[in-house]
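Asks: Attaching a single structure in structure tokens format; questions to follow.
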Amino acid sequence: MAGQAATPRIVSAELLFYSPPKDGSTPYTLINADEAGRRGNWIPDSHSVKIHDLRGQENSVTLDSAGFQFFKGAPTHTSFSSETEIKEHYYPESISLVKHLTSAKRVVPFDHTIRRRRPGERDDSPSKRQPVPQVHVDQTPQSATARVHRHLPPADAPALLQGRFQIINLWRPFGHPAFDWPLALCDWRTVDRQGDVVPITLCYPDNQNGETFGVKYSPAQRWGYLRGMKPDEFVLIKCFDSQDDGETAIFTPHTAFNDPTTPKDALYRESIELRLLVFY
Numbered sequence: 001m002a003g004q005a006a007t008p009r010i011v012s013a014e015l016l017f018y019s020p021p022k023d024g025s026t027p028y029t030l031i032n033a034d035e036a037g038r039r040g041n042w043i044p045d046s047h048s049v050k051i052h053d054l055r056g057q058e059n060s061v062t063l064d065s066a067g068f069q070f071f072k073g074a075p076t077h078t079s080f081s082s083e084t085e086i087k088e089h090y091y092p093e094s095i096s097l098v099k100h101l102t103s104a105k106r107v108v109p110f111d112h113t114i115r116r117r118r119p120g121e122r123d124d125s126p127s128k129r130q131p132v133p134q135v136h137v138d139q140t141p142q143s144a145t146a147r148v149h150r151h152l153p154p155a156d157a158p159a160l161l162q163g164r165f166q167i168i169n170l171w172r173p174f175g176h177p178a179f180d181w182p183l184a185l186c187d188w189r190t191v192d193r194q195g196d197v198v199p200i201t202l203c204y205p206d207n208q209n210g211e212t213f214g215v216k217y218s219p220a221q222r223w224g225y226l227r228g229m230k231p232d233e234f235v236l237i238k239c240f241d242s243q244d245d246g247e248t249a250i251f252t253p254h255t256a257f258n259d260p261t262t263p264k265d266a267l268y269r270e271s272i273e274l275r276l277l278v279f280y
């Protein structure tokens with residue numbers, strides 16, 4: 001059975017990093033793949049990377065030190081089959097959970113993504129989202145601030161932007177453990193914020209573009225994951241933090257990856273990521 005497989009300490013896997021468009025144009029990524037299956041105009045750059053299994057060492061990373069943190073706790077809402085039910089039930093309990101874990105004063109969910117890996121199916125609509133095999137950061141400072149203005153009342157945003165705010169991704173598998181295409185996360189303490197990341201325009205079908213960071217490969221980067229994450233386990237991933245003091249983690253590169261130790265009988269990964277504006 002999948003859950004009985006031995007847990008390795010380190011695995012080696014191919015991760016896809018950013019390299020610039022050959023024609024020198026501004027890089028962009030399409031939120032939906034085009035008819036040819038393309039996701040943008042820049043070039044994925046594959047590198048073999050050592051990824052540390054952090055089971056038994058979960059306390060070695062925290063949201064403010066590494067940019068991500070693992071927790072245990074099953075949600076009350078577990079079906080994840082209805083968009084309406086997710087917003088009515090999973091959103092409120094996640095607000096309470098993140099407030100409890102971070103001591104935030106206000107938490108505002110602004111979107112979520114359900115991912116179900118289906119080999120051979122094109123990722124071209126919200127109902128067909130696949131794991132993303134590309135190292136990235138969900139937000140840049142510019143897009144993080146734009147999110148606040150977009151999702152909060154105009155009267156509230158200016159005052160809240162004066163204090164510390166974050167964008168946090170609450171990621172968890174559901175239905176069964178995520179041995180298949182798990183999530184690898186890069187420790188902020190090993191990231192060169194000047195040399196490793198590049199802003200990329202994120203193009204939505206409605207022309208309301210966003211911005212993410214593409215991530216260049218560096219041998220200095222240290223990667224970790226939690227092998228076989230269960231539905232009662234989750235990770236908070238920091239996409240942005242306005243507390244830029246030189247010590248606090250402000251973002252976390254991450255990617256799905258093909259774990260070579262995945263048991264042959266492992267079910268395809270199913271997961272939900274909920275993105276939240278977090279104010280202190």
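Note that the UniProt record's numbering gives residue 15 to position 15 of the sequence shown, counting from 1, and the numbers run on in steps of one.
Idealized CB from N, CA, C, for every residue including glycine.
Remember, it's a predicted structure, so these values are computed and weren't measured experimentally.
(1) Using DSSP bridges, identify the partner residues of W171.
(2) Since I believe F279 is in contact with F174 (beta carbons under 8 Å), could you give me their beta-carbon distance rounded to a whole number of angstroms?
(3) Starting from A144 and walking both ways along the alpha helix (DSSP H), at which residues does that stretch end?
(4) For V215, which option in P199, K230 and D206 has the closest C-alpha, if you only look at C-alpha atoms?
(5) So the candidates are L15, L267, I272 and R9; which of them puts its Cα closest to the Cα of Q134?
(6) Who are the near neighbours of L54 in its chain, counting only those whose CB is closer than 6 Å to its CB and skipping five residues on each side?
(7) Excluding the 5 residues flanking A184 on each side, which residues of the same chain have their C-beta closer than 6 Å to its C-beta?
(8) Cutting at 6 Å between CB atoms, please list the residues of its own chain near G210, excluding the five before and the five after it.
(9) Which full runs of the beta strand (DSSP E) of 3+ residues lie inside the segment 15-94, going along the chain?
(10) Take the Cβ of A249 as the centre, count every other Cβ of all protein chains shown within 10 Å, and call the residue buried at 16 or more, exposed below.
(11) Can you say whether N59 is buried or exposed, counting buried as having 16 or more other CB atoms within 10 angstroms of its CB?
(12) Check for me: the alpha helix (DSSP H) holding L160 runs from which residue to which?
(13) Given a cut-off of 9 Å on the beta-carbon distance, is the pair S48 and A13 in contact?
(14) So, is D259 buried or exposed, given that buried needs 16 or more other C-beta atoms within 10 angstroms?
(15) Please classify residue 282 as buried or exposed, where buried requires at least 16 other C-beta atoms within 10 Å of its C-beta.
(16) Which residues bound the beta strand (DSSP E) around W223?
(17) My understanding is that F68 touches V61, with C-beta atoms under 8 Å, so please give their C-beta distance in whole angstroms.
(18) Check each candidate in R269, N207 and K238 and name the one with the smallest Cα separation from Y28.
(19) Among the candidates L277, V235, R172 and G195, whose CA atom is the shortest distance from the CA of A66?
(20) Hey, L170 and S79: beta-carbon distance below 9 Å or not?
(21) Less than 8 Å separating the Cβ of L170 from some heavy atom of the ligand FMN?
(22) Given 8 Å as the limit, is there contact between the segment 268-277 and the segment 102-111, that is, 3 or more CB pairs closer than that?
(23) Buried or exposed, going by whether 16 or more other CB atoms sit within 10 Å of the CB of Y204?
(24) Please look up how many angstroms separate the CB atoms of residue 283 and R117, rounded, as I've assumed it's under 8 Å.
(25) Please report the distance separating the alpha-carbon of P177 from that of K264.
Replies: Inspection of the coordinates gives the following:
(1) By one-based count along the sequence shown, residue 171 stands at place 171. The partner list for W171 (beta bridge, DSSP) reads V235 and E273.
(2) Your numbering for residue 174 matches position 174 in the sequence shown. Your numbering for residue 279 matches position 279 in the sequence shown. In this structure F174 does not touch F279 by the C-beta definition: roughly 27 Å separates them, more than the 8 Å allowed.
(3) Indexing the sequence shown from 1 puts residue 144 at position 144. Element bounds for A144: P141 to H151.
(4) Position 215 of the sequence shown, counted from the start, is the residue given in the question as residue 215. Selected option, being the one with the closest Cα: P199.
(5) Along the sequence shown, one-based indexing puts residue 134 at 134. Among L15, L267, I272 and R9, the Cα nearest to that of Q134 belongs to L15.
(6) Your numbering for residue 54 matches position 54 in the sequence shown. Taking L54 as the centre and dropping the five residues before and after it, the same chain places the C-beta of G224 and L226 closer than 6 Å to its C-beta, in chain order.
(7) Working through the sequence shown from its first residue, we reach residue 184 at position 184. Result list for A184: I51, W223, Y225, T255 and F257, in chain order.
(8) The residue you call residue 210 lines up with position 210 of the sequence shown. The residues are S143 and L202.
(9) Runs of beta strand (DSSP E) with 3 or more residues, each lying fully within the segment 15-94, are found at 28-30, 43-53 and 68-72, listed in chain order.
(10) As a first step, residue 249 is located in the sequence shown; it is residue number 249 there, counting from the start. With 16 or more Cβ atoms within 10 Å of its Cβ, A249 is classed as buried.
(11) What you label residue 59 is simply residue 59 of the sequence shown in a count that begins at 1. Exposed: under 16 other Cβ atoms inside 10 Å.
(12) Taking the first residue of the sequence shown as position 1, residue 160 is located at position 160. That run of the alpha helix (DSSP H) goes A157 to Q162.
(13) Within the sequence shown, residue 48 is the residue found at index 48, counting from 1. Within the sequence shown, residue 13 is the residue found at index 13, counting from 1. Yes, they are a contact pair.
(14) Position 259 of the sequence shown, counted from the start, is the residue given in the question as residue 259. Burial call: buried.
(15) A query on residue 282 cannot be resolved here, the shown segment of the chain reaching from 1 to 280 and no further.
(16) Position 223 of the sequence shown, counted from the start, is the residue given in the question as residue 223. Here the beta strand (DSSP E) through W223 covers W223 to Y225.
(17) Translated into positions along the sequence shown, residue 68 becomes position 68. Translated into positions along the sequence shown, residue 61 becomes position 61. That belief holds up - the Cβ atoms of F68 and V61 are roughly 6 Å apart, short of 8 Å.
(18) In the sequence shown, counting from the first residue as 1, residue 28 sits at position 28. Checking every option, the nearest Cα to that of Y28 belongs to N207.
(19) As a working mapping, residue 66 is identified with position 66 in the sequence shown. When only C-alpha atoms are compared, the closest one is V235.
(20) Here residue 170 is taken as the residue at index 170 of the sequence shown, counted from 1. Here residue 79 is taken as the residue at index 79 of the sequence shown, counted from 1. In terms of Cβ geometry, L170 and S79 do not form a close pair [threshold 9 Å].
(21) The model on display carries no ligand, and the ligand FMN is accordingly not part of it.
(22) In short, these stretches touch, since the Cβ pair count reaches three.
(23) As a position in the sequence shown, residue 204 is number 204, starting the count at 1. Of the other Cβ atoms in all chains shown, fewer than 16 fall within 10 Å of the Cβ of Y204; this residue is therefore exposed.
(24) This structure leaves residue 283 out entirely; the chain is present only between 1 and 280.
(25) Here residue 177 refers to the residue found at position 177 when the sequence shown is read from its first residue. Here residue 264 refers to the residue found at position 264 when the sequence shown is read from its first residue. Cα to Cα, P177 sits roughly 14 Å from K264.
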